[in-house]
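Notes follow the structure.
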Amino acid sequence: MTLPILETKRLRARPFTSDDLADLVSLHSNPEVNRYLQPTNVAWDVAIVKKRLASFIETQELMGFSQWHLSTHEGEFVGRAGFSLYEKTAEVEMDYTLLEHFWNKRFGSEIAQALVEWFFENTYYSHLLAFAHPENHASKKVMKRAGFEFRETRLVDGLPCEFYQVLSPSCQKLAVPA
Numbered sequence: 029m030t031l032p033i034l035e036t037k038r039l040r041a042r043p044f045t046s047d048d049l050a051d052l053v054s055l056h057s058n059p060e061v062n063r064y065l066q067p068t069n070v071a072w073d074v075a076i077v078k079k080r081l082a083s084f085i086e087t088q089e090l091m092g093f094s095q096w097h098l099s100t101h102e103g104e105f106v107g108r109a110g111f112s113l114y115e116k117t118a119e120v121e122m123d124y125t126l127l128e129h130f131w132n133k134r135f136g137s138e139i140a141q142a143l144v145e146w147f148f149e150n151t152y153y154s155h156l157l158a159f160a161h162p163e164n165h166a167s168k169k170v171m172k173r174a175g176f177e178f179r180e181t182r183l184v185d186g187l188p189c190e191f192y193q194v195l196s197p198s199c200q201k202l203a204v205p206a
């Protein structure tokens with residue numbers, strides 16, 4: 029059993045293992061879940077999910093963080109959440125993707141706030157990114173609740189995305205209000 033990296037009131041996050049393929053396939057087999065993740069809202073096939081899973085595992089080993097398997101304390105799979113490197117700017121991005129039946133129950137806000145706290149307690153980065161499609165109002169609300177502020181709009185894989193960032197607590201002390 030893999031130990032959790034972080035826990036919240038209702039959720040537990042741990043590194044992915046190769047045994048988690050079925051959970052990840054169930055998450056990304058729903059086009060609604062993928063609607064804002066790519067230019068076309070289609071289900072991911074097993075080959076894509078296998079590639080992503082291998083990447084999550086490798087990134088965890090290399091960087092000490094990655095996308096993590098998210099479950100309830102009772103063990104029910106909820107989705108994935110964590111961090112990845114946004115290669116165009118070499119910044120770290122936070123994201124979360126939940127099974128549809130966990131939407132609108134504040135699980136996104138709960139894990140996003142915990143991820144921000146974990147990130148700044150366990151890394152030395154000055155800030156953290158998150159981005160969302162302009163029409164993904166629920167995700168933008170989650171980011172704002174977690175302390176993110178709007179930074180800019182840019183294209184990511186052909187999709188318009190609104191970029192948000194949150195500064196580390198030490199940088200927040202130095203920031204001058206606009």
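Residue numbering for the sequence shown follows the numbering used here, starting at 29 and increasing by one per position. Glycine is no exception: its CB is placed at the ideal position from the N, C-alpha and C atoms.
Local Cβ density within 10 Å of residue i, reported as buried at 16 or more and exposed below that
i, result
"residue 91", "exposed"
"residue 124", "buried"
"residue 134", "exposed"
"residue 51", "buried"
"residue 103", "exposed"
"residue 75", "exposed"
"residue 126", "buried"
"residue 48", "buried"
"residue 55", "buried"
"residue 178", "exposed"
Cut-off 7 Å between Cβ atoms - residues of its own chain near residue i, not counting five sequence neighbours on either side
i, result
"residue 175", "144, 194"
"residue 196", "148, 153, 154, 155"
"residue 30", "42, 43, 45"
Nearest-angstrom Cα separation, counted from residue j out to residue i
i, j, result
"residue 187", "residue 164", "12 Å"
"residue 114", "residue 120", "6 Å"
"residue 60", "residue 128", "8 Å"
"residue 137", "residue 200", "21 Å"
"residue 110", "residue 93", "7 Å"
"residue 107", "residue 45", "14 Å"
"residue 132", "residue 166", "8 Å"
"residue 37", "residue 98", "13 Å"
"residue 88", "residue 95", "8 Å"
"residue 150", "residue 84", "18 Å"
DSSP beta-bridge partners of residue i
i, result
"residue 40", "35, 99"
"residue 119", "114"
"residue 209", "No answer is possible for residue 209: it lies beyond the span of the chain, which begins at 29 and ends at 206."
"residue 194", "156"
"residue 264", "Because the chain in this structure spans residues 29 to 206, residue 264 falls outside the shown range and cannot be described."
Residues of its chain near residue i, where Cβ-Cβ distance is below 6 Å and the 5 sequence neighbours each way are ignored
i, result
"residue 158", "122, 171, 176, 192"
"residue 141", "174"
"residue 24", "With the chain covering 29 to 206 only, the question about residue 24 has no answer from this structure."
Cβ shell of residue i (< 8 Å), same chain only, five flanking positions each side left out
i, result
"residue 57", "71, 72"
"residue 189", "159, 160, 161, 162, 181, 182, 183"
Start-end ranges of the alpha helix (DSSP H) lying completely within the stretch 76-108, minimum 4 residues:
none
What residue ranges within the stretch 130-191 form continuous beta strand (DSSP E) runs of no fewer than 3 residues, ordered along the chain?
155-160, 177-184
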